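Student:
Protein chains: 2
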Amino acid sequence: MIPAPEPGLDAVFAALADPTRRAILSMLLEDDMAVTDVAEPFEMSLAAISKHLAILAASGLISQEKRGRVKWCKLEPDALKRASVWMQGFGQFEPVNLDAFEAFLEREFGPDP
Amino acid sequence: MIPAPEPGLDAVFAALADPTRRAILSMLLEDDMAVTDVAEPFEMSLAAISKHLAILAASGLISQEKRGRVKWCKLEPDALKRASVWMQGFGQFEPVNLDAFEAFLEREFGPDP
DNA sequence: CTCATATTCAACCGATCGGTTGACGATCGG
DNA sequence: CCGATCGTCAACCGATCGGTTGAATATGAG
Numbered sequence: 161m162i163p164a165p166e167p168g169l170d171a172v173f174a175a176l177a178d179p180t181r182r183a184i185l186s187m188l189l190e191d192d193m194a195v196t197d198v199a200e201p202f203e204m205s206l207a208a209i210s211k212h213l214a215i216l217a218a219s220g221l222i223s224q225e226k227r228g229r230v231k232w233c234k235l236e237p238d239a240l241k242r243a244s245v246w247m248q249g250f251g252q253f254e255p256v257n258l259d260a261f262e263a264f265l266e267r268e269f270g271p272d273p
Numbered sequence: 161m162i163p164a165p166e167p168g169l170d171a172v173f174a175a176l177a178d179p180t181r182r183a184i185l186s187m188l189l190e191d192d193m194a195v196t197d198v199a200e201p202f203e204m205s206l207a208a209i210s211k212h213l214a215i216l217a218a219s220g221l222i223s224q225e226k227r228g229r230v231k232w233c234k235l236e237p238d239a240l241k242r243a244s245v246w247m248q249g250f251g252q253f254e255p256v257n258l259d260a261f262e263a264f265l266e267r268e269f270g271p272d273p
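In order, the protein sequences belong to chains A and B.
Heads up: the first sequence runs through residues 161 to 273, numbered per this note's numbering.
Heads up: the second sequence runs through residues 161 to 273, numbered per this note's numbering.
1) Between the region 177–194 of chain A and chain B, which residues of the former have a C-beta closer than 8 Å to a C-beta of the latter?
2) Following the continuous alpha helix (DSSP H) through Leu188/B, name the residue where it begins and the one where it ends.
3) May I ask you to report which of helix, strand or coil DSSP gives Arg242/A?
4) Say whether the region 193–205 of chain A touches the region 181–195 of chain B, bearing in mind that this needs 3 or more beta-carbon pairs closer than 8 Å, one atom from each stretch.
5) List, in chain order, every chain B residue whose beta-carbon is nearer than 9 Å to that of Trp169/A.
6) So who's on the other strand from Met247/B, going by DSSP bridges?
7) Suppose you measure from the CA of Leu240/B to the CA of Val172/B; what does that come to, to the nearest Å?
8) Just to make sure I have the definition right: I need the residues of chain B whose C-beta is within less than 9 Å of the C-beta of Ala218/A. Which are they?
9) Just the C-alpha distance for Arg227/B and Thr180/B, rounded to the nearest angstrom, thanks.
10) Would you call the CB atoms of Trp246/A and Arg182/B closer than 9 Å?
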């Protein structure tokens, strides 16, 4: 029997499949950033980065909050956690070190609000 | 500075982004299977499944070995492990429970040949 | 008010994706 | 040998992707 598909994973993995987007995530790991600052190190247009950020936001991997005229981008590790849960637990195996991974995320990223 | 891109991850995450391919991986978790048997529960052509399997093989998530006229598909957890390593360690953080995860894979899938 | 900055929108482009169909090569069984 | 089975190949299709440009929309600064 085919396992029930988890539609959220499609977007998360598709978002992770692009090296530009993974680089953006790495940058956001260090700090929240404005769209323009995210775009600065890349050799592509601001509009392209804006699209990448929209894809990341749609997948849940980041959130975006507009304060004034600048839109701040913030890493959202929950989506990454879901993908990792699938990786470790897809199939019938117990997610043995899931608790440890969650603790890792808590420690690194702070408690989820 | 933008982190060096890891090209293998593109293919792995792209492969994981499709629900059909994830379902195939789940099926292969239980047992090695022939292409026709993989295709059986899906409502699409054999050629489509053959393509999906080729994509999974190109990403390294599975391997295919032709014995006689049937081609056997086998899960290759190494690629999944690489992706999981990136997830837990992307950025500068130490992969705290990577060892535990590798041990988990060893236990569940057996030692790598 | 005016000008600059921050970001998105809209249209467009070539490339790739996920799927189909039909023909084809290889291999097995009788 | 013959016919059925296993799997891929090739061409095609519409849809989506990743990128570009140029115009448009806020918002902030002076």
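Just so it is clear, CB atoms sit at the ideal spot from N, CA and C, and this is done for glycine as well.
If you're wondering where the values come from, they're calculated on a predicted model, not measured in any experiment.
Tutor: This is what the structure holds:
1) Within the region 177–194 of chain A, the qualifying residues are Ala177, Asp178, Pro179, Arg182, Ala183, Leu185, Ser186, Met187, Leu189, Glu190.
2) 179–190
3) helix
4) Between the region 193–205 of chain A and the region 181–195 of chain B there are fewer than three C-beta pairs closer than 8 Å, too few to call the two in contact.
5) With the sequence shown as reference, residue 169/A is identified as Leu, and Trp is not the correct amino acid for it. Near Leu169/A (Cβ distances below 9 Å), the residues of chain B are Leu176, Ala177, Pro179, Arg182.
6) Note: Met247/B sits in no beta bridge, so no partner.
7) 7 Å
8) The premise fails here: Ala218/A is roughly 13 Å from chain B at the closest Cβ pair, so nothing lies under 9 Å.
9) Approximately 25 Å between the Cα atoms of the pair.
10) yes
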